[in-house]
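In the working numbering, the protein residues as written are 1 to 214. Beta carbons: idealized from backbone N, C-alpha and C, even for Gly.
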């Protein structure tokens, strides 16, 4: 255990300051999103802008392109959330959470699974990628889950829990212990986010029900 902690400390001490800032802002984004704070999107914008540059600089072009997508989603997410903030209660703001039907999620998951299998096949046969199917799975579903966050869909956290758990396995297999620890934190925050958003959703659902007349 002590060896693992020393490895993590050594890793962070050797991190370039730009990457360290990007990591901290990425973590801040997840925590703020779980709390329903509009400030999660500025944090996401800066972190993904930094990661877009970092990955491009080391020629990880697909990762750079993926973060460019996240950059656009940060702008779109801020715009979507800012429209949904309720400021009627003496200037206070609260996130408006929605829930999409289970059969819709099942259909989308099946479609994404087929897409991930197709892309995974290409990665497996035409690139030197490690764990091509699992890596493609996490990428495809992460893109979709990010869209769900921008739409304030409750179930986005369930997607992230699965994505992060699979990612933890991948990072352990690749020996990326500090990143593994970071994603363990992401799983915990995702669980918190789901509980937090579920309470907001239930509260809004109760308030929308018509009052009974005795």
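DSSP puts residue i in a beta bridge; with which residues?
i, result
"residue 97", "Residue 97 is not bridged to any residue."
"residue 153", "98"
Given that a residue counts as buried once 16 or more other Cβ atoms are within 10 Å of its Cβ, and exposed if not, what is residue i?
i, result
"residue 103", "exposed"
"residue 125", "exposed"
"residue 167", "buried"
"residue 3", "exposed"
"residue 182", "buried"
"residue 52", "buried"
"residue 18", "exposed"
Comparing C-alpha positions only, which one of the options sits nearest to residue i?
i, options, result
"residue 45", "65, 55 and 77", "77"
"residue 43", "21, 121 and 54", "21"
"residue 16", "54, 162 and 37", "54"
"residue 71", "47, 164 and 161", "47"
"residue 157", "165, 145 and 109", "145"
"residue 159", "37, 109 and 36", "109"
"residue 153", "26, 50, 36 and 24", "36"
"residue 130", "200, 96, 170 and 143", "170"
"residue 33", "192, 51, 10 and 52", "192"
"residue 155", "52, 10, 199 and 128", "199"
"residue 105", "23, 67, 148 and 194", "148"
"residue 73", "206, 41, 134 and 57", "41"
"residue 194", "97, 6 and 18", "97"
"residue 6", "196, 177, 206 and 65", "177"
"residue 143", "196, 75 and 69", "69"
Output the boundary residues of the alpha helix (DSSP H) element that contains residue i.
i, result
"residue 175", "First-last for residue 175: undefined, no H or E at that position."
"residue 44", "40–57"
"residue 129", "Careful: residue 129 lies outside any alpha helix (DSSP H) and carries neither H nor E."
"residue 26", "17–34"
Suppose the cutoff is 8 Å on Cβ atoms and the five residues either side in sequence are ignored; what does the same chain contact list for residue i look like?
i, result
"residue 140", "112, 115, 116 and 119"
"residue 89", "Reliability of the predicted coordinates at residue 89 is poor, the pLDDT of 46 falling under 50, and no value is obtained from them."
"residue 91", "Unreliable placement is indicated for residue 91, whose pLDDT of 46 sits below 50; the coordinate value is still reported in the next sentence. Correct list: empty, nothing qualifies."
"residue 174", "130"
If you drop the 5 nearest sequence neighbours on each side, which residues of the same chain put their C-beta closer than 7 Å to that of residue i?
i, result
"residue 136", "116, 119, 120 and 123"
"residue 30", "186 and 189"
"residue 49", "71"
"residue 161", "187, 190 and 191"
Within the same chain, show all residues whose beta-carbon is closer than 6 Å to that of residue i, passing over the 5 residues directly before and after it, in chain order.
i, result
"residue 80", "150"
"residue 28", "43"
"residue 25", "43, 46 and 47"
"residue 100", "153"
"residue 132", "120, 123 and 124"
"residue 138", "163, 166 and 167"
"residue 172", "180"
"residue 197", "97 and 154"
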